[in-house]
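> Can you keep this structure in mind? I'll have questions shortly.
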Amino acid sequence: MTKLRITIDGITAVAELKDAAAPNGVAAVLAALPLRTRVVHASRSGNCAVVHDAALRDETAGIEGQVSMYYPGMVAYDPVRGYLVFAYGQGQARSNTGTHWVTYLGDVVENAAELAGKLQDTRDRGALDVLIEQGERR
Amino acid sequence: MTEKRIRLESGGVTAEALLLEANAPKATAALWEMLAEPIERRLISAKWSGDVGVLHPGEGPLREVAELENPVTSIYPGTLVMRPRGSEILIGYGVGEYRWAVGVDYTTRLAKIVTNRTEFLSVVARTADQGPSAITVGRV
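Chains as they are written, first to last, in my numbering: chain A, 1 to 138; chain B, 1001 to 1140.
Okay, structure coming up:
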């Protein structure tokens, strides 16, 4: 199983990715790693923070494991926009035109509460630096 | 009738907004009453509604205005809108629509910025990336 290591402000969390349900999305995200960029709070999608980076764009990946709603600890991916979404509470994929679909890419399985605190901080403190790397495969 | 204006100050930038008294007579009257003394609050970025900044007025006359007046969902740049009972005032700086977790909701338009609009909306926009800033609202 593919894993991601997400480090924000000294906290590192691990997410397990859905290799079987979202193979194109997992491959597209792995191709962008390691990724040092910024994570900012969502402005339309509720309790989640978003990494948007050109390296994450892959218009050929398509939406897999199609979802719209976010749940705490969920990792979602929008290959067309190049968005990687980390939810810390209830949310929904929304743009200026309404709701839309994203790929259900994985779930945070280690340090979820600590990561959630940092994600929530992006609303109170503004954007934070984030490092996303591939973790050890299991 | 003399037009009433309010002054908004944040990040060292000041703008004036014209109260939309004809559209929202109760809400604008309550806001005017509330601003007998300027209020200072935190201006934060929306998390459901798009390109808008949000401030929470707190206790005061706006709490008594429960109904919507000429309700809108879209929040256009330079427009100030209010959730019923004044729990939130939102300032649009881009493409915004009033939304909650459960979907779209309605607001009352309170005012539109008529001076220093571009500079002030830049300050509001910065809350999305740089975090909250202080905002002072008072009568002109």
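A virtual CB, placed ideally from N, CA and C, is assigned to each residue, including glycine.
(1) What is the rounded straight-line gap between the Cα of tyrosine 1106 of chain B and the Cα of glycine 106 of chain A?
(2) What are the boundary residues of the alpha helix (DSSP H) that includes glycine 117 of chain A?
(3) Using a Cβ-Cβ cutoff of less than 7 Å, which residues in the same chain neighbour alanine 13 of chain A once the five nearest sequence positions on both sides are dropped?
(4) Please report the straight-line C-alpha distance between alanine 55 of chain A and glycine 1103 of chain B, rounded to a whole angstrom.
(5) Assign alanine 20 of chain A to buried or exposed, taking buried as 16 or more other Cβ atoms, counted over all protein chains shown, within 10 Å of its Cβ.
(6) Just the chain B side, please: which residues come within less than 8 Å of glutamine 120 of chain A by C-beta, in chain order?
(7) Apart from the five residues on each side of it in sequence, which residues of its chain come closer than 6 Å, Cβ to Cβ, to glutamine 120 of chain A?
(8) Quick one: list the residues of chain A neighbouring glycine 1050 of chain B, beta-carbon separation under 8 Å, in chain order.
(9) For leucine 35 of chain A, list the residues DSSP reports as bridge partners.
(10) Identify the continuous alpha helix (DSSP H) that holds lysine 1026 of chain B and give its terminal residues.
(11) Does alanine 1125 of chain B have its Cβ less than 8 Å from a Cβ in chain A?
(12) Three-state secondary structure (DSSP) at glutamate 64 of chain A?
(13) Measuring straight from C-alpha to C-alpha, what distance separates tryptophan 1048 of chain B and tryptophan 101 of chain A?
(14) Give the straight-line distance between the Cα atoms of isoleucine 1006 of chain B and glycine 1138 of chain B, rounded to the nearest whole angstrom.
(15) I'd like to know whether the C-beta atoms of valine 1013 of chain B and glutamate 1119 of chain B end up nearer to each other than 8 Å.
(16) Consider the Cβ of valine 1095 of chain B: report whether some Cβ of chain A lies at a distance smaller than 8 Å.
(17) Taking only runs that begin and end inside the stretch 1065 to 1127 of chain B, name each unbroken beta strand (DSSP E) of 3 or more residues, in chain order.
(18) Across the stretch 27 to 46 of chain A and the stretch 1032 to 1039 of chain B, are there enough close Cβ pairs to call them in contact, namely three or more that are closer than 8 Å?
(19) Under 7 Å Cβ to Cβ from arginine 1063 of chain B, same chain only, skipping five residues before and after it: list those, please.
(20) Work out the CA separation of methionine 74 of chain A and valine 67 of chain A for me, nearest whole Å.
(21) To the nearest whole angstrom, what separates the beta carbons of leucine 4 of chain A and glutamine 134 of chain A, a pair I think is in contact under 8 Å?
(22) Given that aspartate 9 of chain A touches chain B, what residues does it touch there, using C-beta distances under 8 Å?
(23) Can you pull the chain A neighbours of alanine 1017 of chain B, defined as C-beta to C-beta under 7 Å?
(24) Let me confirm a value: serine 1045 of chain B is counted as buried when at least 16 other C-beta atoms fall within 10 Å, else exposed. Which label applies?
(25) Return helix, strand or coil for valine 1140 of chain B, following the three-state DSSP convention.
Short version:
(1) Near 34 Å, if we compare the C-alpha coordinates of glycine 106 of chain A and tyrosine 1106 of chain B.
(2) Segment 112 to 125, the alpha helix (DSSP H) holding glycine 117 of chain A.
(3) Counting only Cβ-Cβ distances below 7 Å, and skipping sequence neighbours, we find Ile6, Val108, Glu110, Asn111, Ala112, Glu114 and Leu115.
(4) Roughly 31 Å separates the two Cα atoms.
(5) Alanine 20 of chain A comes out exposed.
(6) Those do not exist, as glutamine 120 of chain A stays about 10 Å from chain B at its closest Cβ, beyond 8 Å.
(7) The residues Tyr88, in chain order, have a CB closer than 6 Å to that of glutamine 120 of chain A in the same chain once the five nearest residues on each side in sequence are set aside.
(8) Per Cβ cutoff of 8 Å: Ser43, Arg44 and Asn96.
(9) In DSSP, leucine 35 of chain A forms a bridge with A:Ile132.
(10) Annotation: the continuous alpha helix (DSSP H) that includes lysine 1026 of chain B extends over 1025 to 1034.
(11) Not closer than 8 Å to any Cβ of chain A, the Cβ of alanine 1125 of chain B fails to qualify, so no.
(12) The three-state secondary structure of glutamate 64 of chain A, taken from DSSP, is coil.
(13) When only Cα atoms are considered, tryptophan 1048 of chain B and tryptophan 101 of chain A end up about 16 Å apart.
(14) Take the alpha-carbon of isoleucine 1006 of chain B and the one of glycine 1138 of chain B: they are about 6 Å apart.
(15) If you check the CB distance, valine 1013 of chain B and glutamate 1119 of chain B come in under 8 Å.
(16) Taking Cβ atoms only, chain A reaches closer than 8 Å to valine 1095 of chain B, which makes this a yes.
(17) Taking only runs of at least 3 residues, the beta strand (DSSP E) segments lying wholly in the stretch 1065 to 1127 of chain B are 1079 to 1082, 1089 to 1097 and 1108 to 1115.
(18) Counting C-beta pairs with one atom in each stretch, the stretch 27 to 46 of chain A and the stretch 1032 to 1039 of chain B have fewer than three that are closer than 8 Å, which means they do not touch.
(19) Closer than 7 Å at the Cβ level, and outside the excluded window around arginine 1063 of chain B, lie Arg1085 and Gly1086.
(20) C-alpha separation (whole angstroms): 11 Å.
(21) Contact annotation, leucine 4 of chain A with glutamine 134 of chain A: C-beta distance approximately 7 Å; criterion of less than 8 Å satisfied.
(22) Listed along the chain, the chain B residues whose CB falls inside 8 Å of the CB of aspartate 9 of chain A amount to none; the nearest CB is some 13 Å away.
(23) Correct list: empty, because the minimum Cβ distance to chain A is about 22 Å.
(24) By the neighbour-count rule (16 or more Cβ atoms within 10 Å), serine 1045 of chain B is buried.
(25) The answer is coil: DSSP assigns valine 1140 of chain B none of H, G, I, E or B.
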